[in-house]
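Chemist: Everything in the sequence shown is counted per my numbering, starting at 174 for the first residue and increasing by one.
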Amino acid sequence: MTALQFSEATSRRPSVGRACKVPIPVIHLKTVQQIDKIRKSGRLASQTLDFIGEHLVPGVVTKGLDKLIHDFIVGHGGVPATLGYKGYPASSCISINEVVVHGIPDGRRVKDGDLVKIDVTTILDGYFGDNARTYLVGQVPEEGVRLATATREALNLAIAVVRPGARLGDVGWAIQSHVESRGFSVVRQFVGHGVGLAFHEKPSVPHHGRQGSGLKLKSGMVFTIEPMINAGVYEIKILNDGWTAVTVDGKLSAQFEHTVAVTADGAEVLTLS
Ligand code: MF3
Ligand code: CO
Ligand code: CO
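(1) Could you check which residue in Val230, Ile409 and Asp298 has the C-alpha nearest to that of Val154?
(2) Leaving out five residues on either side along the sequence, give the residues of the same chain with a beta carbon under 6 Å from the beta carbon of Leu370.
(3) I'd like to know if the region 199 to 219 and the region 299 to 307 are in contact, where contact means that at least 3 CB-CB pairs between them fall below 8 Å.
(4) Who pairs with Pro231 in a beta bridge, going by DSSP?
(5) For Arg185, name the three-state secondary structure that DSSP assigns.
(6) What number of angstroms, rounded off, separates the C-alpha of His351 from the C-alpha of Arg361?
(7) Do Lys240 and Ser268 have their C-beta atoms within less than 7 Å of each other?
(8) For Lys203, collect the residues of the same chain with a Cβ closer than 8 Å to its Cβ; drop the 5 residues on either side in sequence, then sort them by chain order.
(9) Using a Cβ-based criterion (distance less than 6 Å to any ligand heavy atom), does Asp414 qualify as near ligand 2?
(10) Since Val359 and Tyr407 are thought to touch, with beta carbons under 8 Å apart, how far apart are those beta carbons, to the nearest angstrom?
(11) Give the straight-line distance between the Cα atoms of Gln178 and Val364, rounded to the nearest whole angstrom.
(12) Using the beta-carbon count (16 or more within 10 Å), is Asn413 buried or exposed?
(13) Identify every residue that forms a DSSP beta bridge with Phe301.
(14) Work out the CA separation of Ser219 and Cys193 for me, nearest whole Å.
(15) If you run the structure through DSSP and keep just helix, strand and coil, what is Leu309?
(16) CB-CB under 8 Å to Val205, same chain, minus the five flanking residues each way: which ones, in chain order?
(17) Let me make sure I understand the geometry here. Which of Leu330, Gly226, Gly338 and Asp209 has the alpha-carbon closest to that of Glu171?
So, in structure tokens, the structure goes:
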């Protein structure tokens, strides 16, 4: 996910007459050839999450998981997009329990009952695929199971409203209405994002919103939907490492992310294995 305040891809207005150097934000509409490349990268990103799920057992160290992720991506001809991105030091984000996003893999051991979010972004042949899942390790408390389930359902409901003519507010509302009905809250400070030719492109994709409001979707848009859903309040704070985002109340958070293309008559999920 991208922070709302992150700068996004811009391009220069074609100069008409005299040179105009004002950068304007653009939404790249992808061609079928580009979507095919993003799908290949997205498949690798998804296969990476399948692969790492088999290694996610109590006692495993998160830095070891990150090494496995790195080697899996590189071994399949890809590049981990997060490694060195704005100084980020790892090939994945591993965020446990009250850590919402951008957990940095380190010496921490996964334990039975943890809610573990793993976010992987691949670059394959120059194209980006971005996805994340919440894994339940061992015997997770019931609230954690309900939270992860509601978050996965919310992502699927959001994908179901994506088609040309629908609006980003419809996408946000699908998520917000579902999780709030279960007593959970939608993180505001991070949003989904255009993706494919770069890691974080226009538009920003909020996970809350009002039906009928916001950007109108067009065929060829490719963006992530990646709801971060908290068991308690939606406020988060960033730790002193400059990355790790945690819930302010210390309660659990869950996330699922897919890269999605707007097609002629609906949506295609590009991060499937
Ligand atoms: N993959 C994250 C996203 O969904 C971004 C991680 S950026 C990092 O947009 F630098 F923290 F890795
Ligand atoms: Co993302
Ligand atoms: Co991601």
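All C-beta atoms, glycine included, are put in the ideal place defined by N, C-alpha and C.
Modeler: With the given structure in hand:
(1) Not covered by the structure: residue 154. The range shown for the chain is 174 to 446.
(2) Closer than 6 Å at the Cβ level, and outside the excluded window around Leu370, lie His201.
(3) yes
(4) Pro231 pairs with nothing; no bridge assigned.
(5) Its pLDDT being 36, under 50, Arg185 is placed unreliably in this model, and the value from its coordinates should be taken loosely. The answer is strand: DSSP assigns Arg185 an E or B state.
(6) 16 Å
(7) no
(8) Answer for Lys203: Ile211, Gly369, Leu370, Gly393, Met394, Val395 and Ala434, listed in chain order.
(9) no
(10) 6 Å
(11) Low per-residue confidence applies at Gln178: pLDDT is 43, beneath 50, and the placement is therefore not dependable, though the value from the model is reported in the following sentence. Roughly 10 Å separates the two Cα atoms.
(12) Exposed is the call here.
(13) Phe301 is bridged by DSSP to Ile296.
(14) In this predicted model, Cys193 has a pLDDT of only 47, less than 50, meaning its place in the structure is not dependable enough to derive any value.
(15) strand
(16) none
(17) This structure cannot speak to residue 171, because the chain is shown only from 174 to 446.
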